[in-house]
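So the sequences go chain by chain: R and G.
In terms of this note's numbering, the first sequence is numbered consecutively and its last residue is 114.
In terms of this note's numbering, the second sequence is numbered consecutively and its last residue is 1113.
Glycine residues also receive a C-beta, built at the ideal position from the N, C-alpha and C atoms.
As the structure is a prediction and not an experimental result, all values here were calculated from the model.
Take a look at the structure below.
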Amino acid sequence: DAGVTQSPTHLIKTRGQQVTLRCSPKSGHDTVSWYQQALGQGPQFIFQYYEEEERQRGNFPDRFSGHQFPNYSSELNVNALLLGDSALYLCASSDNRGIQETQYFGPGTRLLVL
Amino acid sequence: QQQVKQSPQSLIVQKGGISIINCAYENTAFDYFPWYQQFPGKGPALLIAIRPDVSEKKEGRFTISFNKSAKQFSLHIMDSQPGDSATYFCAARGNTGGFKTIFGAGTRLFVKA
Chain R
1 DAGVTQSPTH LIKTRGQQVT LRCSPKSGHD TVSWYQQALG QGPQFIFQYY
51 EEEERQRGNF PDRFSGHQFP NYSSELNVNA LLLGDSALYL CASSDNRGIQ
101 ETQYFGPGTR LLVL
Chain G
1001 QQQVKQSPQS LIVQKGGISI INCAYENTAF DYFPWYQQFP GKGPALLIAI
1051 RPDVSEKKEG RFTISFNKSA KQFSLHIMDS QPGDSATYFC AARGNTGGFK
1101 TIFGAGTRLF VKA
């Protein structure tokens, strides 16, 4: 049973560019959350997707947007990249139909903005 | 009000000792308190979790103690092992739609052999 997968594993972009990160949830999970983890910090909640809609959002600007597909996979898009966007981006999936509490995290995508 | 404050920032424990990490929260709407373990290059993995109607939960060498009136909770790792060396995050999740999880800043634990 594959866990949460994310791609790519690493990414280097320059300021002003746009980036798309991808996430496939654990089998059987229908809810995907995205987090930003700066070096030496805890993960910060970006937003959560359920039934292809953004259900809740953290304190992130509109440059951060996302999408969920009918197969429950998800994308995180960041426009007009800033140096401060350099971080590990984590995707977590959970099952909204059962025990919602357990979130399973993927290994993350490490984004470096130069 | 949405913060979860975690201490200490780092911790060094001898093998076989007890590691203790503390967290405090403000928002009484939080109803689920997980602890995550993260190794370098990996995503966080759920270690143990507790709800506020329980004062203690134990799973193997890991115990959560919860003090609802003080709005504090802690993780105890008994018989700490070098393999426990990792970063530990406490977290809290609300009971409103979306179940946003708020993480503490993390504690880097190093267990000396």
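Is there contact here, the stretch 1028-1042 of chain G with the stretch 1081-1097 of chain G, by at least three beta-carbon pairs under 8 angstroms? Under the Cβ criterion (8 angstroms, minimum of three pairs), the stretch 1028-1042 of chain G counts as touching the stretch 1081-1097 of chain G.
Residue 1103(G) versus chain R: which residues are under 9 angstroms apart at the beta carbon? Simply 35, 37, 41, 42, 43, 44, 45.
Report the residues of the stretch 1026-1052 of chain G with a CB closer than 9 angstroms to any CB of chain R, ordered along the chain. Flagged, chain order: 1032, 1034, 1036, 1038, 1041, 1042, 1043, 1044, 1045, 1046, 1049, 1051.
Under the rule that 16 or more other beta-carbon atoms within 10 Å means buried, what is residue 85(R), buried or exposed? Buried, since its Cβ has 16 or more Cβ neighbours within 10 Å.
Positions along the stretch 65-76 of chain R whose CB lies within less than 9 angstroms of some CB in chain G: Listed by position, the residues of the stretch 65-76 of chain R near chain G (Cβ gap below 9 angstroms) amount to none.
Going by the DSSP bridge assignment, what does residue 45(R) pair with across the sheet? In DSSP, residue 45(R) forms a bridge with 35(R).
Leaving out five residues on either side along the sequence, give the residues of the same chain with a beta carbon under 6 angstroms from the beta carbon of residue 26(R). Residues of the same chain with a CB within less than 6 angstroms of the CB of residue 26(R), apart from the 5 flanking positions on each side, are 3, 4, 93, 104 in chain order.
Please classify residue 88(R): does DSSP put it in a helix, a strand, or coil? Strand at residue 88(R).
Nearest neighbour of residue 7(R), chosen from 15(R), 18(R), 19(R), 23(R) [CA to CA]: Residue 23(R) is the option with its Cα nearest to residue 7(R).
Residues of chain G with a CB under 9 angstroms from the CB of residue 107(R): which are they? Per Cβ cutoff of 9 angstroms: 1041, 1042, 1043.
Quick check on the burial criterion: 16 or more other C-beta atoms within 10 angstroms. Buried or exposed for residue 61(R)? Burial call: exposed.
Reduced DSSP category for residue 11(R) - H, G, I as helix; E, B as strand; rest coil: Judged by DSSP in its simplified three-state form, residue 11(R) adopts strand.
From this set, 1110(G), 1113(G), 1020(G), 1106(G), which residue's C-alpha is nearest residue 41(R)'s C-alpha? Closest by C-alpha distance to residue 41(R), out of 1110(G), 1113(G), 1020(G), 1106(G), is 1106(G).
What does a CB cutoff of less than 7 angstroms around residue 1081(G) pick up in its chain, not counting 5 residues either side in sequence? Within the same chain, 1015, 1111 come within 7 angstroms of residue 1081(G) by CB-CB distance, once the 5 residues on both sides are set aside.
Measuring CB to CB, does residue 48(R) end up less than 8 angstroms from residue 65(R)? No, they are not a contact pair.
Length of the line joining the Cα atoms of residue 96(R) and residue 35(R): Rounded to whole angstroms, residue 96(R) to residue 35(R) spans 18 angstroms at the Cα level.
Alpha carbons only, please: which of 1101(G), 1009(G), 1113(G) is nearest the one belonging to residue 1084(G)? Of all alpha-carbon atoms in 1101(G), 1009(G), 1113(G), the one lying nearest the alpha-carbon of residue 1084(G) is that of 1113(G).
Among 1011(G), 1049(G), 1027(G), whose alpha-carbon lies nearest the alpha-carbon of residue 1020(G)? Of the listed residues, the one whose Cα sits closest to residue 1020(G) is 1011(G).
What residues in its chain sit with their C-beta under 6 angstroms from that of residue 114(R), if we drop five residues either side in the sequence? Cβ neighbours of residue 114(R) within its own chain (closer than 6 angstroms, five residues either side excluded): 14.
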